[in-house]
Structure formats: C-alpha cells, structure tokens
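Read the structure below first, then the notes.
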Amino acid sequence: MGEGAADGVRREPCEAARRRRCSERAGRRVVVDGAGFGGNPFRAWSRCLYCGAVMTQVIVLNGGSSSGKSGIARCLQAVLPDPWLALGTDTLVDAMPASMQTSDGGIEFAPDGEVSVGPEFRTLEAAWIEGIAAMARAGARVIVDEVFLGGAESQRRWQKALGDLGDLGVLWVGVRCDAAIAAGREVARGDRTIGMAASQADLVHEGVVYDLEVDTAHAESMECARTIAVHVR
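Per the UniProt record's numbering, the sequence shown starts with residue 1, numbered consecutively.
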C-alpha cells in the first residue's frame, strides 16, 4: 500500500519498511548479538545489511610507499566476513610492459625516489580505475592499495569513477607512517628505489579527504585492519 490507507493511517511502502527494519536489526546485532553469527560482529553487520541497505563496496587505502598498505589489505581480507579482492598500484605497474619504465610517456623512478608519470601511463591508469569501478558495480568488493601522487587530484579521479556507488559505498582510508620509519622499511624490503618512502610520506595525503586514518608507525597491520573493519557496512 502506498501513501495511505482507507482507515487514514499512513503506511510505509513494503520495501522502505523492510529496509528500515533490517537497518534497526543490524544496529542491535552489532552491539549486543554478535554471538548470533558465530561471535563475529562484522559478520552480523554484513549479513543483515544484505537486506537492502547500502554496503561498502570499495575500500581505498591511500598512503606512501612502504607505509604498510599491502599488509593492511591482507589483514582486511582475513577479518572481513565476505571475500574481498585486493588490487593495488603495483598490480597496474606489474601488468605494464617493461618499456613503460623507460619511455617518457610511461612511469619513471628517479635515483632520489621521485616518481613521474607520462600520458601513456595516465591513459592506462584511467582504464584500470574504470575497470575496478566496473567490478565493484558488478558485485565484487574491492580493497584498493593506492598511492595518490597527485594528492587531492588523484582522489578526484577515483571519485569520478566510483561516483555512482554513493558516499556510503566507498570507504576512504588514509594510511600514515612516519617518514623515517617508512624509509627504514624501504631499505629492509630491498625492492624499492631508496627515497620513495620519505618523499611520499606526506605528499600523497595533501588535500585528500578521508573517512578515517590509521598510523602504522603506532599500530600493527592487524590492529589497523580491525579499526577499518568496524567502519565497513
């Protein structure tokens, strides 16, 4: 029944009422009834929200090189109740031909760690971003491990591609780490140009708006993942 009934009592449409009841149940279960889903409150929240409320479809982790994003992504895959894909900037770069790292139009890693990209890289990157957005629209839940070299402008490119998912469908997470600590990790891992971590530590966050931030200089990857998971709908 639509706007009203013969008895003069206004009733909600069936779908609206169902979503409201589902949302109310989700809120109660997360707080007091996690045991109803094997003791896992994240699972309780996720299962109830399948009834029709907006779910988080994409988690964007933005941070500099060696800030700990990949470790957090793996931990999120472990603690979140549903299967999530983890894709990152490294995924894109590794998929490109080696010539992209030697041409002016590709991506260049300077001896001091500065990274510069050309038009050919931007074209492929734009297609890659649209591809991830398409996967999310098709139903995949995706964790994106990103490095916003352009700060706010980089975020705007993602926002444009993910716009139809709505504000609640995307969780923006800033992954911070002290530059000196990130630089130490960079040396230890041995697969990065020295200087990248320090140069990107603050640069990638300039002008970027987040839903929450974590700091891997003060918390382990699993702790950061659990903090993020609480915000996943």
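The C-beta atom is built at its ideal place from N, Cα and C for all residues, glycine as well. These numbers come from a predicted model, not from an experiment.
**Request:** Would you tell me roughly how many angstroms separate the C-alpha atoms of S199 and R122, rounded to the nearest one?
**Result:** 21 Å
**Message:** If contact is defined by three or more beta carbon pairs under 8 Å, each pair taking one atom from either stretch, is the region 57-75 in contact with the region 216-230?
**Reply:** yes
**Prompt:** Within 10 angstroms of its Cβ, does L171 collect 16 or more other Cβ (buried), or is it exposed?
**Reply:** buried
**Prompt:** Shortest alpha-carbon distance to L165 belongs to which of M135, A110, G150 and D178?
**Reply:** M135
**Prompt:** Which whole-angstrom value describes the C-beta separation of V142 and V58, a residue pair presumed to lie in contact below a C-beta threshold of 8 Å?
**Reply:** 5 Å
**Request:** Quick one: residues in its chain with C-beta nearer than 7 Å to the C-beta of T216, no 5 flanking neighbours on either side, listed in chain order?
**Result:** S67, G68, V175, C177 and C224
**Prompt:** Which two residues bound the contiguous alpha helix (DSSP H) that contains E223?
**Reply:** S221 to A229
**Item:** R122 - containing beta strand (DSSP E), residue span
**Value:** First-last for R122: P119 to R137, but that is the alpha helix (DSSP H), not the beta strand (DSSP E).
**Asked** Thinking C-alpha only, which one of A197, D104 and V173 is nearest L212?
**Response** V173
**Message:** Does R141 come out as helix, strand or coil in the three-state DSSP assignment?
**Reply:** coil
**Item:** For S66, three-class secondary structure by DSSP
**Value:** coil
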